[in-house]
């Protein structure tokens, strides 16, 4: 079977277009034999990002920038990313616009975080990563601000110092006059100061002597106190108190027996008849003693010659 010239030219053109497309995508860094998922991300500005710039994850190229479209209504730029399907993204994944080296190129870095998985066509969270120059500027800016504030403070201080110079001169002059006045007072009262110093020394000596005397007097008192404390500590107070309790208990038993009329003492306190007998006996003795005083001869017979009593003679 023979092909005419037009068919050959057509087939050659189609093959050329296919090869051109494949070669163009290969030169852009895309893997024509692997499938990719498309995701979108929105930035306020892209700062030199271009189509076919790399998309990296942990330093490894996993995709490319497919397209960038400006959204003037929202003042944003929407970037479409083609990322290898093997990279599983979540709803917390951040797409960072970062520097690609020191020559000013840009790239997209993926910061995959824990979250729910997302599918193709989802929108990632866009953010900016500070480059080396931006980081240096960010660190230097506070230092420059501090330096500027320091210069302002120094300028203010110098102005205040210049304003205060006359006041300092007046202060120095006043200080000199005061010092001279004090010196004059000290010179004119030197004798009085010596007397005061001597009196202070004498007072100090007297206080020292008084302190020594008090110390000598207090030491015997402290010694006696210590001796008394030792003596008290040696006393067997427990035994003494126990014996005293025993004695008190015995007395209580005796008093109980007396109250009940037991024993001689109990009978004396509780038996009225014994008291009455003693009272009658005492009365009889009292009457007897009275009668003996009135009539002693009735009870005592005394005769030098053995004669009888006159009263007996009268009875005879």
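In the numbering used here, the protein residues as written are 8 to 323. We treat Cβ as the ideally placed atom computed from N, Cα and C, and that holds for glycine.
Per DSSP, which one or two residues make a beta bridge with residue i?
| i | result |
| --- | --- |
| residue 89 | 45 and 71 |
| residue 124 | 97 |
| residue 113 | 106 |
| residue 134 | 103 |
| residue 83 | 78 |
| residue 50 | 84 |
| residue 61 | 71 |
| residue 118 | 101 |
Use the C-beta contact count for residue i: other C-beta atoms within 10 angstroms, 16 or more gives buried, fewer gives exposed.
| i | result |
| --- | --- |
| residue 165 | exposed |
| residue 21 | exposed |
| residue 30 | exposed |
| residue 288 | exposed |
| residue 208 | exposed |
| residue 28 | exposed |
| residue 15 | exposed |
| residue 312 | Residue placement at residue 312 is flagged as unreliable, the pLDDT there being 48, under the threshold of 50; a coordinate-derived value is accordingly withheld. |
| residue 225 | exposed |
| residue 158 | exposed |
| residue 304 | exposed |
| residue 175 | exposed |
| residue 317 | Note on residue 317: pLDDT 49, under 50, position unreliable in the model; the coordinate value appears next. Classification for residue 317: exposed. |
| residue 214 | exposed |
| residue 258 | exposed |
| residue 18 | exposed |
| residue 131 | buried |
Relative to the alpha-carbon of residue i, which residue among the options has its alpha-carbon at the smallest distance?
| i | options | result |
| --- | --- | --- |
| residue 129 | 147, 82, 155 and 44 | 44 |
| residue 99 | 83, 121 and 115 | 121 |
| residue 65 | 94, 51 and 49 | 94 |
| residue 48 | 261, 34 and 78 | 78 |
| residue 63 | 42, 262, 119 and 206 | 119 |
| residue 82 | 174, 50 and 205 | 50 |
| residue 116 | 227, 96 and 263 | 96 |
| residue 127 | 46, 247, 297 and 299 | 46 |
In chain order, what residues of the same chain have a beta carbon less than 6 angstroms from the beta carbon of residue i, not counting five sequence neighbours either side?
| i | result |
| --- | --- |
| residue 148 | none |
| residue 76 | 85 |
| residue 134 | 101 and 103 |
| residue 73 | 87 and 89 |
| residue 136 | 103 and 105 |
To which residues of the same chain is residue i closer than 8 angstroms at the C-beta, ignoring the five residues directly before and after it?
| i | result |
| --- | --- |
| residue 334 | Nothing can be reported for residue 334, as the shown portion of the chain is limited to 8 through 323. |
| residue 193 | 200 |
| residue 25 | none |
Within 8 angstroms (strictly less), CB to CB, does residue i reach chain B?
| i | result |
| --- | --- |
| residue 97 | Among the protein chains of the structure shown there is no chain B, as only one such chain exists. |
Report all residues from its chain with a CB closer than 7 angstroms to the CB of residue i; omit the five preceding and five following residues, and keep chain order.
| i | result |
| --- | --- |
| residue 123 | 97 and 98 |
Original post:
Would you say the region 87-99 touches the region 62-77, given that touching needs at least three Cβ pairs under 8 angstroms?
Top reply: yes
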